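Reading through the structure tokens given below for one structure.
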Amino acid sequence: MMDLTNKQWVKHAVTHPMEGFEDMRWKKAGSMKYSIVIILLWFVASIFYNRLYGFQFYAEADKMFNIIPYIVQTIILFCTWVVGNWSICTLLEGEGTMKNIFIYSAYALIPYVASIYIEVFLSHFLIRDEAVFIDAVHIIGLLWSGVLLFSAIKSVHQYTFMKTIGAIILTICAMLIMLFLLVLLLSLFQQVYVFAYSIYTEIAYRLKV
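Sequential numbering of the sequence shown, starting at 1, is according to the numbering used here.
Written out as structure tokens, the structure is:
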């Protein structure tokens, strides 16, 4: 196969869902820098979707802006997927490294991320009766990324079709467990902070008295 640049590999992976990631694996291609940019674009897209969507399709956004939910819905969720998949597939004798899982999964998200930007753009020009076009863009982007993600996991770990399905299901279960533990950990830290702050305020009050 002809040697491609990092940019060309991105295009090749997205437009060739069946063999694109397999070619990347054999050529040891893929850019961590491009992958990080894709995840950041997803993060920005989620903000655009919730804050800049056409008013005729989307209820008015809250005036109070909080960036944390957007980070959790994109960056944290993606990192949880990568760690969960690596953990599960290590037990299932998968060949993919955490770096490759990160890169391949990020590349697979490109159609979905692009569809979000297209949806936001179209929402300012279409009317409610034409919402079917926006829905079509959303479904195509979601399905395309789904196929790419399946192909990416299958290629990076060199799994069979059924084993890939099993690995993805187990990865989702692992993600739920990790997110649950993360919520518990954050809750614990919050309680410790409240306890420490209450002690501090009580001591400060006693010293003033």
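Ideal Cβ placement from N, Cα and C applies to all residues, glycine included. Predicted model, so just to flag it, every value in this text is computed and none were measured.
Original post:
Using a Cβ-Cβ cut-off of 6 Å (strictly less than) and excluding sequence neighbours within five positions of V14, which residues of its own chain qualify?
Top reply: I110
Original post:
Would you call R25 buried or exposed, if buried means 16 or more other Cβ atoms sit within 10 Å of its Cβ?
Top reply: It is buried - the Cβ of R25 has at least 16 other Cβ atoms within 10 Å.
Original post:
Does the separation of the CB atoms of H138 and S115 fall below 7 Å?
Top reply: Yes, the Cβ-Cβ distance between H138 and S115 is below 7 Å.
**OP:** Go to I169, then tell me how far its alpha helix (DSSP H) extends in each direction, as first and last residue.
**Re:** 161-208
Original post:
When DSSP labels each residue in this structure, what does H16 get in the three-state scheme?
Top reply: The answer is coil: DSSP assigns H16 none of H, G, I, E or B.
Original post:
Taking buried to mean at least 16 other C-beta atoms within 10 Å of its own C-beta, is A152 buried or exposed?
Top reply: buried
Subject >> C-alpha distance - A136 paired with Y197, whole-angstrom precision >> reply: 51 Å
Subject >> Close Cβ partners of M1 (< 7 Å) along its chain, the five nearest in sequence each way excluded >> reply: Unreliable positioning characterises M1 in this predicted model, as indicated by a pLDDT of 49, which lies under 50. The coordinate reading is nonetheless provided below. Excluding residues within five positions, the ones whose Cβ falls inside 7 Å are D23, K27.
**OP:** Out of G30, V83, K33, E130, state which residue places its alpha-carbon closest to the alpha-carbon of Q56.
**Re:** E130
**OP:** Could you check what DSSP says for I127 in three-state terms: helix, strand or coil?
**Re:** coil
Original post:
Anyone know if the C-beta pair for M18 and G84 falls short of 7 Å?
Top reply: Not a contact, by the Cβ cut-off of 7 Å.
Original post:
Ends of the alpha helix (DSSP H) at Y70?
Top reply: 68-71
Original post:
Between the segment 39-46 and the segment 63-77, do at least 3 Cβ pairs fall closer than 8 Å?
Top reply: The segment 39-46 is in contact with the segment 63-77.
**OP:** May I have the straight-line CA-CA distance separating K221 from M64, to the nearest angstrom?
**Re:** Residue 221 is absent from the structure shown; the chain starts at 1 and stops at 209.
Original post:
Would V120 pass as a contact of Y53 if the rule is Cβ separation under 7 Å?
Top reply: Cβ distance < 7 Å, so V120 and Y53 count as in contact.
Subject >> Status (buried if at least 16 other CB within 10 Å, exposed otherwise) for N66 >> reply: exposed
**OP:** Indicate whether Y117 and L142 have their beta-carbon atoms separated by less than 7 Å.
**Re:** no
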